[in-house]
Amino acid sequence: MSDREYDVDLDVLPHRAVARTPVLLPLVGAPGNVAAALDPETGGFVYPPALFGTSRVVLALAPDGRTAAVVDVDPFPASPVVGLHDLATGHERWLVSDERESSDHLAQFSPDGTALAVLTTASDPDDDPETGGLTVVSVIDLAGGGRRRLWTRSKGGWSAESGIGWSPDGRRIAATYLRATDEDDDGIVTVVLDLTGREIAHLDQADLVPPTNAAWVDEDHVVCRFWRDDSWPHVSVDVRDGGRTVVGDGAAPLAGVGQRMFFTGHPEAGPAPTLYAANRDGSDPRPFLTLRGPAALQGCLLAAEPAGPPR
């Protein structure tokens, strides 16, 4: 997928539903929230009508590329819960939460597609609201819709650096959240949990890169960007013993699949594509996607399984 280059004019994309897609691009433009999907049948991008000009924000794409995790942010302020959106039909099923005054912010499908890991913020009746509420990591069983609180911390929150991702074997979940501190600046913390909720790694001033399942190199190693005064190294952390290996630095990838990461812009001079593909350390960069038109890219969601070659 990353070996092909796409030039996408958003003003002329057809509006057509797809049964599945390997790439889903959440966008914000004049119509509001939209999404562009790569149609594996034609090799071009289309607007799925049910995700065009709506209040839906797309969070994740299922491994088979058939279902998206979404939240509805209208009306605002609201307490959005995550839902499942069928790309073929537009049908949606909302996954209710028992958390008090809560908002689901991030979600990722498990590697086998049977569960969602969700990062939620909720009010804390026992805490000062000015110091933050609860940060909650939950697992939702998609067959029955049951939500199980896995882990929670007080005086926490969500930020642009937050992320959540499953290990490839589905046995661990890493999550980045914002922790209120006594200092002027809040702290960015990444925790690694097993499925009992036990915290097996705690990484201060570190966020997942990318902020998805692709942060995991394998079942035991997860990549984080560590925030230093003068550098931002990307470090592979062995969650078993804390061992660390620098694997890159600088700009964080937006998404990834396999060993290829997807970054915004381009490291070389000349016209810049919207996204380029490269190895984790930035080597072997190749243009992947150029977007043209009045919309801003909000993310790049990738299916874990190929949806088939263009015909």
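FYI, the numbering for the sequence shown is 1121 to 1431, going by our numbering.
By construction, the Cβ of each residue, glycine as well, lies at the ideal position given by its N, Cα and C atoms.
Alpha-carbon spacing of A1326 relative to S1222, whole angstroms: Here residue 1326 refers to the residue found at position 206 when the sequence shown is read from its first residue. Here residue 1222 refers to the residue found at position 102 when the sequence shown is read from its first residue. Cα to Cα, A1326 sits roughly 25 Å from S1222.
Can you grab the Cα-Cα spacing for the pair P1183 / L1144, in whole Å? The residue you call residue 1183 lines up with position 63 of the sequence shown. The residue you call residue 1144 lines up with position 24 of the sequence shown. Cα-Cα distance, rounded: 12 Å.
Using DSSP bridges, identify the partner residues of F1235. The residue you call residue 1235 lines up with position 115 of the sequence shown. Sequence inspection shows Ala at residue 1235; the Phe mentioned does not correspond to that position. Its beta-bridge partners are D1261.
Would V1191 pass as a contact of G1203 if the rule is Cβ separation under 9 Å? Residue mapping note: residue 1191 aligns to position 71 of the sequence shown, counting from 1. Residue mapping note: residue 1203 aligns to position 83 of the sequence shown, counting from 1. Yes, the pair counts as a contact, with Cβ atoms nearer than the cut-off.
Given R1291 as reference, the closest of F1172, I1308, D1306, W1336 once Cα atoms are compared: Working through the sequence shown from its first residue, we reach residue 1291 at position 171. Of F1172, I1308, D1306, W1336, the residue nearest in Cα terms is W1336.
Which of helix, strand or coil does DSSP assign to L1298? Taking the sequence shown and counting its residues from 1, one reaches residue 1298 at position 178. Here L1298 sits in strand by DSSP.
Measuring only the C-alpha atoms, how far is Q1418 from R1136? In the sequence shown, counting from the first residue as 1, residue 1418 sits at position 298. In the sequence shown, counting from the first residue as 1, residue 1136 sits at position 16. C-alpha separation (whole angstroms): 21 Å.
Candidates L1421, R1360, G1266: which alpha carbon is nearest R1318's? Within the sequence shown, numbered from 1, the residue matching residue 1318 stands at position 198. Measuring from the Cα of R1318, the nearest candidate turns out to be R1360.
Using the rule of at least 16 other Cβ atoms within 10 Å of the residue's Cβ for burial, across every protein chain shown, is H1341 buried or exposed? Position 221 of the sequence shown holds residue 1341. Classification for H1341: buried.
Can you say whether Q1379 is buried or exposed, counting buried as having 16 or more other CB atoms within 10 angstroms of its CB? Residue 1379 sits at position 259 when you count from the first residue of the sequence shown. Per the 10 Å Cβ criterion, exposed.
Which value, in whole angstroms, describes the spacing of the CA atoms of A1180 and T1410? The sequence position of residue 1180 within the sequence shown is 60, counting from 1. The sequence position of residue 1410 within the sequence shown is 290, counting from 1. Each residue's alpha carbon lies about 21 Å from the other.
If you reduce the DSSP assignment to three classes, tell me which class L1313 lands in. Within the sequence shown, residue 1313 is the residue found at index 193, counting from 1. Three-state result, L1313: strand.
Close Cβ partners of T1174 (< 7 Å) along its chain, the five nearest in sequence each way excluded: As a first step, residue 1174 must be located in the sequence shown, where it is residue number 54. Excluding residues within five positions, the ones whose Cβ falls inside 7 Å are G1152, N1153.
Determine which residues share a DSSP beta bridge with T1410 and list them. Here residue 1410 is taken as the residue at index 290 of the sequence shown, counted from 1. T1410 pairs with D1127.
Under a three-way DSSP split, which group does P1169 fall into? For the purposes of this step, residue 1169 is identified with residue 49 of the sequence shown, where counting begins at 1. In the structure shown, P1169 sits in a helix (DSSP, three-state: H, G or I).
State the Cα-Cα distance for the pair L1323 and P1393, rounded to the nearest angstrom. Translated into the one-based positions of the sequence shown, residue 1323 becomes position 203. Translated into the one-based positions of the sequence shown, residue 1393 becomes position 273. Cα to Cα, the separation comes out at about 33 Å.
Using alpha carbons as the reference points, say which of E1161, V1166, P1142, A1300 lies closest to D1131. Within the sequence shown, residue 1131 is the residue found at index 11, counting from 1. For D1131, the nearest C-alpha among the options comes from V1166.
By how many angstroms is the C-alpha of E1281 removed from the C-alpha of R1213? Mapped onto the sequence shown, residue 1213 falls at position 93. Mapped onto the sequence shown, residue 1281 falls at position 161. Answer to the nearest angstrom: the Cα atoms are 28 Å apart.
Reference L1298; option with closest CA among A1321, L1254, A1397: Position 178 of the sequence shown holds residue 1298. For the residues A1321, L1254, A1397, the minimum Cα distance to L1298 belongs to L1254.
Output yes or no for whether 9 Å exceeds the beta carbon distance between D1261 and T1234. Along the sequence shown, one-based indexing puts residue 1261 at 141. Along the sequence shown, one-based indexing puts residue 1234 at 114. Yes, they are a contact pair.
Could you compute how far the alpha carbon of V1148 sits from the alpha carbon of P1168? Residue mapping note: residue 1148 aligns to position 28 of the sequence shown, counting from 1. Residue mapping note: residue 1168 aligns to position 48 of the sequence shown, counting from 1. Cα-Cα distance, rounded: 14 Å.
So, are the CB atoms of R1140 and L1236 less than 9 Å apart? Position 20 of the sequence shown holds residue 1140. Position 116 of the sequence shown holds residue 1236. In this structure, L1236 does not lie closer than 9 Å to R1140 by Cβ.
When you compare the CB positions of W1352 and D1369, do they come within less than 9 Å of one another, or not? As a working note, residue 1352 is residue 232 in the sequence shown. As a working note, residue 1369 is residue 249 in the sequence shown. In this structure, D1369 lies closer than 9 Å to W1352 by Cβ.
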